[in-house]
Amino acid sequence: MQVNAKRSIIIIAIASLLVGGVAVWLSAQYIQGRVSGMQEELESKYDLMPVIAAGPTMEQGAKITRQNLIVKELPRKFIPSQALHPRQLEKIQGANLVVDVEAGQPILSNYVSRGIISQGTFSGQITDGMRAVTFPVDVVSSVGGLLNPGDNIDLMATMRMQNQEGIVTLPLLDNLDILAVGEVYQGANDRRYQHITLEVSPKDAARLLQARQQGSLTAVLRSPEDSDSGFDSAMTASALFDGPFSKYFSQPEPTPAPILPPQPTTPRVEPPRNIDLIIGGTGQ
Numbered sequence: 011m012q013v014n015a016k017r018s019i020i021i022i023a024i025a026s027l028l029v030g031g032v033a034v035w036l037s038a039q040y041i042q043g044r045v046s047g048m049q050e051e052l053e054s055k056y057d058l059m060p061v062i063a064a065g066p067t068m069e070q071g072a073k074i075t076r077q078n079l080i081v082k083e084l085p086r087k088f089i090p091s092q093a094l095h096p097r098q099l100e101k102i103q104g105a106n107l108v109v110d111v112e113a114g115q116p117i118l119s120n121y122v123s124r125g126i127i128s129q130g131t132f133s134g135q136i137t138d139g140m141r142a143v144t145f146p147v148d149v150v151s152s153v154g155g156l157l158n159p160g161d162n163i164d165l166m167a168t169m170r171m172q173n174q175e176g177i178v179t180l181p182l183l184d185n186l187d188i189l190a191v192g193e194v195y196q197g198a199n200d201r202r203y204q205h206i207t208l209e210v211s212p213k214d215a216a217r218l219l220q221a222r223q224q225g226s227l228t229a230v231l232r233s234p235e236d237s238d239s240g241f242d243s244a245m246t247a248s249a250l251f252d253g254p255f256s257k258y259f260s261q262p263e264p265t266p267a268p269i270l271p272p273q274p275t276t277p278r279v280e281p282p283r284n285i286d287l288i289i290g291g292t293g294q
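See the structure below:
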């Protein structure tokens, strides 16, 4: 009897452990499913953007390396403008933190002693061999003033050409890094403008300044993950009428030149012909 009782206790204990294990596994699966569902809902509701964040908790003075950083995706609307994109990792490697940063907290440019900010100067943000150029862009045309440092843009130039095409819009520079964004201000023509500072090569800096003198510039926001160069052809007024909807925007046919009736010609009057008659004789 005692043997059977002990055997029953063991069986009950094993069964309890199995049931408990299954319950724990089911709970873990349920929680994982809920977390995945909430993450999918978050991704569908918000535009997520990758940023550099601290892996472990890092104290002031800690050296920044690849090993103590992670990449997190956060809703763009909640990301501080000083947050760093993963493409900027090379610029801050070897720098030291000037504040304490908790694990998982985004690394901001003003947390770094050098690299993005070197000795408190803006020039520390510029890559060797590159230049920083600041110029105003039309807020309405350029993403409504939503540009932030770290964004990537393409620059479009619109100018009047000295040919039959008239006004032309064409891609000037693509995939540029925004280093800084100024405050929105009111222009003399009642349009709202915003200064942006871009990192470009010396040659592209000259192209940009020349384009500003010839026409207007518009910033087109692009995804940081997009490596496509975009379109590379000019857009003219006549090109707007190409494509499947051209019949709705057909241009008027040119008016033919009027056909004028032939002008009457005055008949040519031949001058009278004089005939000199010479009669020969003997002189008598």
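When we follow the working numbering, the leftmost residue of the sequence shown carries the number 11, and every step to the right adds one.
Using N, Cα and C, we set each Cβ at its ideal position, and we do this for glycine too.
Residue i versus residue j - alpha carbon distance
{"i": "R222", "j": "E235", "result": "28 Å"}
{"i": "V29", "j": "W35", "result": "10 Å"}
{"i": "L218", "j": "R170", "result": "16 Å"}
{"i": "I21", "j": "V32", "result": "16 Å"}
{"i": "V45", "j": "H95", "result": "25 Å"}
{"i": "L41", "j": "V230", "result": "Per the sequence shown, the amino acid found at residue 41 is Ile instead of Leu. Straight-line Cα distance between these residues: approximately 41 Å."}
{"i": "L107", "j": "E83", "result": "22 Å"}
{"i": "M48", "j": "M140", "result": "43 Å"}
{"i": "S226", "j": "D164", "result": "14 Å"}
{"i": "L189", "j": "L180", "result": "24 Å"}
{"i": "Q70", "j": "M59", "result": "26 Å"}
{"i": "R17", "j": "I24", "result": "11 Å"}
{"i": "G43", "j": "L182", "result": "47 Å"}
{"i": "D238", "j": "A113", "result": "34 Å"}
Cβ shell of residue i (< 8 Å), same chain only, five flanking positions each side left out
{"i": "N78", "result": "A64, G65, P66, M68, A72"}
{"i": "T75", "result": "Q103, G104"}
{"i": "T137", "result": "K101, E209"}
{"i": "V143", "result": "T207, L208, V210, A215, L218, L219"}
{"i": "I191", "result": "For the record, residue 191 in the displayed sequence is Val; it is not Ile. Excluding positions up to five away in sequence, the list reads S91, L157, N158, P159, Q204, H205, I206, T207."}
Spatially closest choice to residue i from the options, by CA coordinates
{"i": "V111", "options": "I136, Q98, I80", "result": "I80"}
{"i": "D161", "options": "L28, S233, M48", "result": "S233"}
{"i": "A167", "options": "I22, N185, V178", "result": "V178"}
{"i": "D184", "options": "E209, E83, M59", "result": "E209"}
{"i": "L186", "options": "K82, A215, G192, D57", "result": "A215"}
{"i": "T228", "options": "L189, M48, S91, F145", "result": "F145"}
{"i": "Q172", "options": "Q224, I19, P212", "result": "Q224"}
Own chain partners of residue i with C-beta closer than 7 Å, once the 5 adjacent residues on each side are dropped
{"i": "Q115", "result": "A63, A64"}
{"i": "A93", "result": "V61, P116, L118, G160"}
{"i": "Y121", "result": "L107, V108, V109, V111"}
Other residues of its chain near residue i: CB distance less than 6 Å, five sequence neighbours each side excluded
{"i": "Q39", "result": "none"}
{"i": "S26", "result": "none"}
{"i": "S37", "result": "none"}
Buried or exposed by the 16-neighbour rule on C-beta atoms within 10 Å, applied to residue i
{"i": "P85", "result": "exposed"}
{"i": "Q204", "result": "buried"}
{"i": "S119", "result": "buried"}
{"i": "Q98", "result": "buried"}
{"i": "P159", "result": "buried"}
{"i": "I89", "result": "buried"}
{"i": "V147", "result": "buried"}
{"i": "Q129", "result": "Residue confidence is low: Q129 scores 42 on pLDDT, short of 50, so the model does not pin down where it sits. No coordinate-derived value is stated."}
{"i": "P212", "result": "exposed"}
{"i": "I19", "result": "exposed"}
Limits of the alpha helix (DSSP H) - the one that residue i falls within
{"i": "A221", "result": "212-224"}
{"i": "E100", "result": "99-102"}
Extent of the continuous beta strand (DSSP E) run through residue i
{"i": "E83", "result": "79-85"}
{"i": "T168", "result": "162-170"}
{"i": "P60", "result": "58-64"}
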